[in-house]
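Q: Here's a structure for you.
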Amino acid sequence: MIVGDIWLSNRSQLLQILHLNNEYTDKELIAHLWEIKGEDCLNLLEGMFSLCVWDNFERRLYLVRDGVGCRTLYYTNCGKTCVIAPRLGTLLPFHSQKLDLVALRDYLSCAFVVGEKTLWENVSELSAGMVLQMESSSEKINYLNHKSFWQPREEIKNTEEDLIWHGKQLRELLDEVVQEYLPVDKAVGIYLSGGLDSSCITALAAKFHHHPVHTYSIHFGENCPNELEFSSLVAQYCKTQHHILEITADDMWLKLPLIMSYLDDPIGDPLTVPNYLLGKIARENADVILNGEGGDPCFGGPKNQPMLLNQLYGGVNNTEENLVANYVNSFKKCSSDLPQLLKPEVFTAVKDIPFVFADYLYTEDNYLNRLMTINIKFKGADQILTKVDNLTISNDLKGRSPLFDRRIVQMAMQIPPQYKLAGAQEKAVLKQAVLDILPKEIIQRPKSGMMVPVQYWFKNIWQRRAKSLLLDKNAEIAPYLNQDLIRQWLNYQGDAWQRYGVKLWLLVSLEIWLQVQKGR
């Protein structure tokens, strides 16, 4: 018996392999494959899935999460019972409301909870590409085996070939994947920022889809920097039906409690609110929405450059300890503030516990590929894809991320590093792959990123609201964090170059998420 949340992008190929007609559901397909191959069948599945498989012959239960983490699965022990759910909130009645302090540290450092931990103590998330095998006895649940069926791994191939050759191979795979991700016989929507990643998905969708293609972009008002020049250029070039949404400071603040109610763990990325609001208008035209997520983790985005430069020129500072610190600091959140931000007893409890991704920084792989592995395995599965899943489902949308397809990830790990991040040119091979279907202005422009003006809004609009929320003696964060330091941030005291806005958004998101979870 199989239950789960499943979408198989290679469904048609699996039907051919099994000689079945199209009437079979995805669950029935997997059940047939499991009967033939057991858990080895998982490597045949492409798409997004989290599964519970009951093997009646072995009398064992298997928990499964897809290779890159597009779907989620959570579990906790409640007495002699293991409670399992695809949404973390479903487990609330079955565990205490005690926070996991290491997960709290990770959230404050990275803006998301890393690895198998959740913000709740003794509640776990199954990692991407993992299978957890369990059986029950009259006394307890026995966790028999916890192993991976697939993980992103460096497998550099065809080093003798040039950038043009690798770009051609990538393009062929992109064509195949995007066609699989398009809906049948109806319109499709695409989040279009005007950057390379979302633009290439837009161009490929427009090329292959014979039904309306709707694109959606945001801006934050006429006084704030935006990328509408580029998103509008791509929309016009690809002949899409383009929609633009303005996000205001009130939209951001007033919608945050609703958005936090949809998120499994808190996510401190300010784009959560715009993502939700954009999905709301997208649902008026389509029920499948594509995005460009995955381009940076898979093809060497510019955020890797400072780490690479430090590795090359850091000299004696490149100790293992500094390697981890540099990586955590690259998120530019609160990691360097933790000794002052956390209450002394909380900081003492977590300061010597290594980050779960530390081991991946110490391998013999090429350094860029080490960073890519971590970004795909953790930031991808624990932040980006979880956010996409939570916020598209909340709008009754089917969110799909073609650049995070497992086959794309696998090819990215095979491409020589110099064709991903080549000096100052990021994502060289992806640019080469889509050179013929995008305007040169998009190919040649540097990545800028979608900057939400939280710094300005906290200083000029949200300051009083944030003080009321974060400095309340009964705030949910009060037992863990130093409210005197938070007061300084809210008053913009200290280093004028501090990213106070980003840090305050992180704390506001955490406080509101905790209040929502506790029914306040």
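Quick note, our numbering runs 14 ahead of the 1-based positions in the sequence shown.
Each residue gets a CB set at the ideal place from its N, CA and C atoms; glycine is no exception.
Everything numeric in this text was worked out from a predicted model, so none of it was measured.
1) Determine the contact status of S482 and L270, defining contact as a CB-CB distance below 8 Å.
2) DSSP three-state label for C92, please.
3) Along the chain, where does the beta strand (DSSP E) containing I388 start, and where does it finish?
4) Touching or not, the region 490 to 509 and the region 251 to 268, by the rule of three or more beta carbon pairs under 8 Å?
5) Go through its chain and collect everything with a Cβ distance to W21's Cβ below 6 Å, but skip five positions before and after it.
6) Classify F71 as helix, strand or coil using the three-state DSSP reduction.
7) Opposite T229 in the DSSP bridges: which residues?
8) Counting only the same chain and skipping the five closest in sequence on each side, list residues whose C-beta sits under 7 Å from that of N299.
9) Measure the Cβ-Cβ separation of K412 and G314 and say whether it is below 8 Å.
10) Out of L133, Y276 and P166, which one is the CA nearest neighbour of R421?
11) Quick check on DSSP: helix, strand or coil for D486?
12) Who are L113's beta bridge partners in DSSP?
13) Could you tell me the alpha carbon to alpha carbon distance between K51 and P431, rounded to whole angstroms?
14) My guess is that Y230 and L158 are in contact by the Cβ rule of under 8 Å, so how many angstroms apart are they, rounded?
15) Do the region 172 to 188 and the region 435 to 455 meet, that is, are 3 or more Cβ pairs less than 8 Å apart?
16) How is the alpha helix (DSSP H) around P265 delimited, first residue to last?
17) On the premise that R79 lies in contact with L87, defined as a C-beta separation below 8 Å, what is that separation, rounded to the nearest angstrom?
18) Who does W21 pair with in a DSSP beta bridge?
19) Examine the Cβ distances between the region 95 to 108 and the region 337 to 346 and report whether three or more of them are shorter than 8 Å.
20) How would you label C92, buried or exposed, when you count the other beta carbons within 10 angstroms and need 16 or more for buried?
21) Thinking just about the alpha-carbon of each residue, which of S26, C84 and Q27 is nearest to the one in K401?
22) Label D9 either buried or exposed according to how many other C-beta atoms from any shown protein chain fall within 10 Å of its C-beta, with 16 as the threshold for buried.
A: Walking through what the data contain:
1) Contact flag unset, no.
2) If DSSP states are grouped into helix, strand and coil, C92 belongs with the strands.
3) Per DSSP, I388 lies in no beta strand (DSSP E) segment; the continuous alpha helix (DSSP H) that holds it begins and ends at Y381 to I388.
4) The region 490 to 509 is not in contact with the region 251 to 268.
5) Cβ neighbours of W21 beyond the five flanking positions: G61 and M62.
6) Three-state DSSP puts F71 in coil, outside helix and strand.
7) T229 is bridged to I204 and H256.
8) The beta carbon of N299 sits closer than 7 Å to the beta carbons of A201, G203 and H228 from its chain, once the five residues preceding and following it are set aside; these are given in chain order.
9) Contact flag unset, no.
10) Of L133, Y276 and P166, the residue nearest in Cα terms is P166.
11) Looking at D486 - three-state DSSP - the assignment turns out to be coil, as it is neither helix nor strand.
12) Looking at the DSSP assignment, L113 forms a beta bridge with W134.
13) Near 35 Å, if we compare the C-alpha coordinates of P431 and K51.
14) In this structure, Y230 and L158 do not form a Cβ contact; the two beta carbons are roughly 46 Å apart against a cut-off of 8 Å.
15) Inter-segment contact for the region 172 to 188 and the region 435 to 455 is present: three or more beta-carbon pairs are separated by less than 8 Å.
16) Here the sequence assigns Asp to residue 265, which means Pro is not the residue at that position. From DSSP, the alpha helix (DSSP H) with D265 extends over A263 to Y276.
17) A Cβ-Cβ separation of about 5 Å places L87 in contact with R79 under the 8 Å criterion.
18) In the DSSP output, where bridge partners are listed per residue, W21 has M62.
19) No, the region 95 to 108 is not in contact with the region 337 to 346.
20) Looking at its Cβ environment, which holds fewer than 16 other Cβ atoms inside 10 Å, C92 is exposed.
21) Looking at S26, C84 and Q27, the one whose alpha-carbon comes closest to that of K401 is C84.
22) No statement about residue 9 is possible, as the shown extent of the chain runs from 15 to 534 and does not include it.
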